[in-house]
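Here the structure is laid out as C-alpha cells; the discussion comes afterwards.
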Amino acid sequence: MTDNPAHLITEAIDRCLALAATWPAWDGRPIMTDGANVWTPSKAARRVQDHLVDHLAEVEALLAGAVPQPDAWHGRMVTLESDWARFTELDLDEARSRWTRLGQAYLNRYATAPDAWDVPRDPNWTLRQIAEHVAGITWYAEQVGELRFGDSARIR
Numbered sequence: 003m004t005d006n007p008a009h010l011i012t013e014a015i016d017r018c019l020a021l022a023a024t025w026p027a028w029d030g031r032p033i034m035t036d037g038a039n040v041w042t043p044s045k046a047a048r049r050v051q052d053h054l055v056d057h058l059a060e061v062e063a064l065l066a067g068a069v070p071q072p073d074a075w076h077g078r079m080v081t082l083e084s085d086w087a088r089f090t091e092l093d094l095d096e097a098r099s100r101w102t103r104l105g106q107a108y109l110n111r112y113a114t115a116p117d118a119w120d121v122p123r124d125p126n127w128t129l130r131q132i133a134e135h136v137a138g139i140t141w142y143a144e145q146v147g148e149l150r151f152g153d154s155a156r157i158r
C-alpha cells in the first residue's frame, strides 16, 4: 500500500505556513499577479483555508455515498474588505492552528479508507486526485510569497 495521499496536503500546509510566517511584514500595498488578481496576505490565508474546508467536505460526502455540496465561494476573483486587514503574528498563530488541524483531519480520514483512495467516483475525482489537487493550495500562498520588513518586494 502506498503512503497516505493526505501527506501531500500536510506538506503543502507546511509550505504555506512557512510563507505566511513572513506576512506580518506586509506593507499594506496590494500584490498584483497575472495582471488582474489582487492579493493580500489575509486573502491568501482565506483562500488556503476555504480550499481545505471545501475539499474535506467533498471527501466526507464521497465516502458517505452522498453528492458533494457545490461550493459557493467567490474565490480569488474577489477581494473582500476583510482581506485588506493586517496579517499579524496572532493571525499566523490562528492559521497555524486551523490549517494543521485540517491537515490532521485529512490524514485521519484518508487513513480510515485506504481501499477507497483510487476508486473511480465519476463525475468526481478519486480521493487520491482530490489530495493531489488540495496540495495545490501552495499556489495561493505563493501569490503573496515571502515578504521582508521594509521592502514590499517578494523574495524571489
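Taking the working numbering, the leading residue of the sequence shown gets 3, the next gets one more, and so forth.
Just so it is clear, CB atoms sit at the ideal spot from N, CA and C, and this is done for glycine as well.
Residue i versus residue j - alpha carbon distance
| i | j | result |
| --- | --- | --- |
| R123 | T102 | 27 angstroms |
| A63 | L149 | 38 angstroms |
| Y108 | Q145 | 24 angstroms |
| A133 | R31 | 33 angstroms |
| L82 | V40 | 11 angstroms |
Which of helix, strand or coil DSSP assigns to residue i
| i | result |
| --- | --- |
| W127 | coil |
| L149 | strand |
| N6 | coil |
| T114 | coil |
| L82 | coil |
| D73 | coil |
CA nearest to the CA of residue i, picked from the options
| i | options | result |
| --- | --- | --- |
| R88 | E144, A23 and S44 | S44 |
| A47 | A27, A68, L65 and L21 | L21 |
| T42 | W119, T24 and N126 | T24 |
| V69 | R130, V61 and E91 | V61 |
Would you list, in sequence order, the uninterrupted alpha helix (DSSP H) runs of no fewer than 4 residues that lie entirely inside the segment 13-69?
43-65
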